[in-house]
Amino acid sequence: MIDFDLIITGGTIVTATDTFKADIGIKNSQITSIADRLEGAQHIINAQDRYVFPGGIEAHCHIEQESGMGIMAADDYRSGSISAAFGGNTTIVPFAAQHRGQSLREVVQIYHDRAGPKSIIDYAFHLIISDVNDKILGQELPALIKDGYTSFKIFLTYPMLKLSDGDMLSVLAVARENGAITMVHAENDDVISWLSKRLLDSGNIAPKFHAVSHARIAESEASNRAIQLARLLDTPIFIVHVSTSEAASIIRKAQGDGLKIFAETCPQYLFLTSDDIDIEGMEGAKFCCSPPPRDKFDQEAMWQGLINGTFQLFSSDHAPYRFDETGKLHAGPNPQFKKIANGVPGIELRMPLLFSEGVCKGRISLNKFVELTSTNAAKVYGLSPKKGSIAVGCDADIVIWDPKREVTVSYDLLHDNVGYTPYEGMSIKGWPETVVSRGRIVIAKGQLKVKPGSGKFIQRSPGYEFIRPAGISPPEIDPKTNFGAKII
Ligand code: DUC
Ligand code: ZN
Ligand code: ZN
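Using our numbering, the first residue of the sequence shown is number 15, and each one after it goes up by one.
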């Protein structure tokens with residue numbers, strides 16, 4: 015009898031909490047059975063000697079998005095989602111970015127029009143809010159949260175995006191009222207602008223001065239400020255792309271005080287340093303992102319943050335710009351550092367890099383790998399219980415992983431539209447082999463098996479699940495805060 019559309023047999027299933035050998039039966043896009051031995055399916059995938067993970071959820075990536083400077087990302091929803099899938103992901107949560115003067119409704123429609131016909135895997139949108147006014151706060155934002163856009167990013171730097179502390183408080187108040195979560199790009203804009211001017215005035219224009227201008231103190235000050243503002247309103251925030259040991263310590267301390275502070279770090283802060291930007295000529299522009307890669311000591315602190323639970327997620331912050339006049343060099347072949355498009359690609363290598371350097375080198379367990387690349391994103395951003403795990407009733411979003419495959423990174427292997435990878439030449443062990451999204455085989459034997467537009471928009475529900483780092487047990491109610499108030 016044919017009970018299933020697809021069976022994945024013989025693999026080792028790994029979730030955020032368990033590792034066990036079993037077969038998975040899939041019917042109508044969902045996992046309907048997990049048992050020792052299953053039979054009766056139209057298709058069978060043999061996962062012998064493979065790990066079977068929940069599909070990756072890439073919750074920080076910029077796809078078909080104009081930057082604050084107005085530069086269009088090199089990946090549209092076709093290339094971006096294909097690259098994500100080849101990297102083991104089954105869901106992406108890119109941004110629908112508001113530029114000043116735009117209504118948020120209009121922005122959301124634009125991004126649906128971009129993603130709908132092209133994405134090959136499921137997607138949701140975080141909003142970027144750059145224009146805070148009564149209509150946005152009083153009408154559009156609350157209504158959009160109710161419609162499933164339950165997370166948004168705000169910036170404390172970038173002239174065209176940054177919010178004042180007062181505007182940040184107003185956004186946090188709406189988030190609190192409606193059960194949404196606010197992601198914060200925490201860098202002090204005045205510090206960066208002041209240093210940039212001094213550097214440029216004295217003729218220091220090379221890419222390496224990008225890293226000097228984005229001083230580490232700019233990140234730790236803004237992280238602390240964001241935490242204090244969140245504390246004032248007793249509402250959670252998610253601090254994105256943490257790069258320094260000081261910022262990680264501030265976040266850990268706040269978590270220890272009982273505050274609901276989430277955070278992430280990214281591959282560029284584990285595997286690159288400011289030395290990568292300090293190359294003769296313009297090559298260093300390929301590594302310019304904000305915050306910039308720091309140093310070896312910070313890399314170690316980022317690993318510690320992943321290991322000890324300060325960071326709930328490991329995200330790519332894939333911000334794809336080609337090394338030409340459409341992207342990095344949009345202002346000419348030799349731009350001063352302020353005019354280089356900010357961002358590095360990483361959506362396809364995020365999971366392989368963490369598996370190879372984290373799991374294979376004994377820094378993190380298999381379960382931690384799943385937590386950081388999938389399960390926690392589902393919990394924080396309202397995608398669970400359907401996404402982020404392997405259990406009966408979940409969407410059949412699965413990546414079958416070959417733990418032994420050895421790969422030397424070369425851009426030719428990748429599927430994005432960037433033209434280079436910052437990780438060229440790195441040796442990686444472990445690679446995604448087969449990707450199944452809502453029961454559909456999306457990638458098999460290195461081939462794309464589905465058509466653009468076959469991914470679905472995921473409407474989320476307000477609310478988040480707070481993940482307290484292991485080893486931290488703060489007071490139930492911290493008397494120094496406003497508190498006790500429950501968000502959901
Ligand atoms: N920094 C961001 O904040 N977003 C995209 C890329 C970058 O470098
Ligand atoms: Zn950012
Ligand atoms: Zn980003």
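All C-beta atoms, glycine included, are put in the ideal place defined by N, C-alpha and C.
What you are looking at is a predicted structure, and each value in this text was computed from that prediction instead of being measured.
> From P349 to G295, what distance separates their C-alpha atoms?
Replying inline: The sequence position of residue 349 within the sequence shown is 335, counting from 1. The sequence position of residue 295 within the sequence shown is 281, counting from 1. If you take the alpha carbons of P349 and G295, they lie about 11 Å apart.
> Any chance the CB of N202 is under 6 Å from a heavy atom of ligand 1?
Replying inline: Locating residue 202 in the sequence shown gives position 188, counting from the first residue. It does not: the Cβ of N202 is nowhere closer than 6 Å to a heavy atom of ligand 1.
>> Comparing C-alpha positions only, which one of D289, A333, G298 and K300 sits nearest to Q313?
In response: On the sequence shown, residue 313 is found 299 positions in, with the first residue counted as 1. Per the Cα distances, D289.
> Just to confirm, does H113 get its C-beta within under 6 Å of one of the non-hydrogen atoms of ligand 2?
Replying inline: In the sequence shown, counting from the first residue as 1, residue 113 sits at position 99. Relative to ligand 2, even the nearest heavy atom lies 6 Å or more away from the CB of H113.
>> Does S468 come out as helix, strand or coil in the three-state DSSP assignment?
In response: To locate residue 468, count along the sequence shown from 1; it is residue 454. Three-state result, S468: coil.
> Does the stretch 365-373 come within contact of the stretch 450-458, defined as at least 3 CB pairs closer than 8 Å?
Replying inline: no
> Are the stretch 318-330 and the stretch 351-366 touching by the rule of at least three beta carbon pairs closer than 8 Å?
Replying inline: Contact holds: three or more Cβ-Cβ distances are below 8 Å.
> Does ligand 1 have even one heavy atom less than 6 Å from the beta-carbon of C303?
Replying inline: On the sequence shown, position 289 is the one that residue 303 refers to. At least one heavy atom of ligand 1 is nearer than 6 Å to the Cβ of C303, so yes.
>> For the beta strand (DSSP E) containing S441, name the first residue and the last one.
In response: Here residue 441 corresponds to residue number 427 of the sequence shown, with the count starting at 1. Run containing S441: S441 to S451, per the beta strand (DSSP E) assignment.
>> Considering just the uninterrupted stretch of the beta strand (DSSP E) at L20, what are its terminal residues?
In response: Against the sequence shown, residue 20 aligns to sequence position 6. Element bounds for L20: F18 to T23.
> With respect to the beta strand (DSSP E) encompassing E235, which residues constitute its N-terminal and C-terminal limits?
Replying inline: By one-based count along the sequence shown, residue 235 stands at place 221. E235 -> not in any beta strand (DSSP E); alpha helix (DSSP H) instead, spanning R230 to L247.
> According to the Cβ coordinates, are M316 and T287 closer than 7 Å?
Replying inline: The residue given as residue 316 occupies position 302 in the sequence shown. The residue given as residue 287 occupies position 273 in the sequence shown. Result no, Cβ atoms of M316 and T287 do not sit closer than 7 Å.
> In chain order, what residues of the same chain lie with their CB nearer than 7 Å to the CB of L213, ignoring the 5 residues before and after it?
Replying inline: As a position in the sequence shown, residue 213 is number 199, starting the count at 1. Closer than 7 Å at Cβ, skipping near neighbours: F223, V226 and S227.
> If you scan the stretch 335-383 from start to end, which runs of the alpha helix (DSSP H) of 4 or more residues do you find wholly inside it?
Replying inline: Along the length of the stretch 335-383, whole alpha helix (DSSP H) runs at least 4 residues long occupy 364-368, reported in chain order.
> What separation, rounded to the nearest whole angstrom, lies between the Cα atoms of E53 and I21?
Replying inline: Against the sequence shown, residue 53 aligns to sequence position 39. Against the sequence shown, residue 21 aligns to sequence position 7. Computed Cα separation, rounded: 7 Å.
>> Under DSSP, the alpha helix (DSSP H) around N322 begins and ends at which residues?
In response: In the sequence shown, counting from the first residue as 1, residue 322 sits at position 308. Segment K310 to N322, the alpha helix (DSSP H) holding N322.
> How is F100 classed by DSSP in three states: helix, strand or coil?
Replying inline: Counting from 1 along the sequence shown, the entry for residue 100 is found at position 86. Here F100 sits in helix by DSSP.
> Applying the criterion that 16 or more other CB atoms from any shown protein chain within 10 Å of the CB defines a buried residue, is F139 buried or exposed?
Replying inline: In the sequence shown, the residue the question calls residue 139 occupies position 125. Buried is the call here.
> What residues does ligand 3 have around it, judged by CB closer than 6 Å to any heavy atom, in chain order?
Replying inline: H74, H76, D331 and A333
> Can you name, in chain order, every residue of its own chain whose Cβ lies under 7 Å from the Cβ of P221, other than the five neighbours on each side?
Replying inline: To locate residue 221, count along the sequence shown from 1; it is residue 207. A distance below 7 Å between beta-carbons, with the five flanking residues on each side excluded, links P221 to the following residues of its chain, in chain order: I291, M296, G298, A299, C302, F351 and I354.
> Based on the DSSP output, what are the partners of R454 in its beta bridges?
Replying inline: On the sequence shown, residue 454 is found 440 positions in, with the first residue counted as 1. DSSP, once it has assigned bridges, lists S451 as partnering R454.
> Considering only residues of the same chain and omitting the five flanking positions on each side of Q14, which have a CB-CB separation below 6 Å?
Replying inline: Residue 14 is absent from the structure shown; the chain starts at 15 and stops at 502.
> So what does A55 bridge to, in DSSP terms?
Replying inline: On the sequence shown, residue 55 is found 41 positions in, with the first residue counted as 1. DSSP output for A55 lists F18 as bridge partner(s).
> Q461: buried (16+ other C-beta within 10 angstroms of its C-beta) or exposed?
Replying inline: The count along the sequence shown starts at 1 and reaches residue 461 at position 447. It counts as exposed.
> Would the beta-carbon of H199 be found less than 6 Å away from any heavy atom of ligand 2?
Replying inline: Mapped onto the sequence shown, residue 199 falls at position 185. Because some heavy atom of ligand 2 lies under 6 Å away, the Cβ of H199 counts as near it: yes.
>> Which of the three DSSP states is assigned to Q112 in this structure?
In response: Here residue 112 refers to the residue found at position 98 of the sequence shown. Three-state DSSP puts Q112 in coil, outside helix and strand.
> For G39, does the three-state DSSP call read helix, strand or coil?
Replying inline: Translated into the one-based positions of the sequence shown, residue 39 becomes position 25. Correct three-state label for G39: strand.
> Around the Cβ of P250, are there at least 16 other Cβ atoms within 10 angstroms (buried) or fewer (exposed)?
Replying inline: Here residue 250 is taken as the residue at index 236 of the sequence shown, counted from 1. So P250 counts as buried.
> Under the three-state reduction of DSSP, which class applies to P436: helix, strand or coil?
Replying inline: Locating residue 436 in the sequence shown gives position 422, where the first residue counts as 1. Note: P436 maps to coil in three-state DSSP.
> Just reading off the alpha helix (DSSP H) that G270 is part of, what are its end residues?
Replying inline: On the sequence shown, residue 270 is found 256 positions in, with the first residue counted as 1. That run of the alpha helix (DSSP H) goes S259 to G270.
> Looking at the structure shown, is M197 part of a helix, part of a strand, or coil, going by DSSP?
Replying inline: The count along the sequence shown starts at 1 and reaches residue 197 at position 183. The answer is strand: DSSP assigns M197 an E or B state.
> Between the stretch 104-116 and the stretch 378-386, are three or more C-beta pairs nearer than 8 Å?
Replying inline: no
> Can you name, in chain order, every residue of its own chain whose Cβ lies under 6 Å from the Cβ of A30, other than the five neighbours on each side?
Replying inline: The residue you call residue 30 lines up with position 16 of the sequence shown. Answer for A30: N381, V384, E385 and T389, listed in chain order.
> Touch check for the stretch 65-74 and the stretch 475-483: three-plus C-beta pairs under 8 Å?
Replying inline: Here the stretch 65-74 makes no contact with the stretch 475-483; the two share fewer than three CB pairs at distances below 8 Å.
> Which first and last residues belong to the beta strand (DSSP E) in which P156 is found?
Replying inline: The residue given as residue 156 occupies position 142 in the sequence shown. Per DSSP, P156 belongs to no beta strand (DSSP E); it is in the alpha helix (DSSP H), L155 to K160.
> Candidates L247, S257 and G217: which alpha carbon is nearest E233's?
Replying inline: Numbered from 1 along the sequence shown, position 219 holds the residue referred to as residue 233. Answer by Cα proximity: S257.
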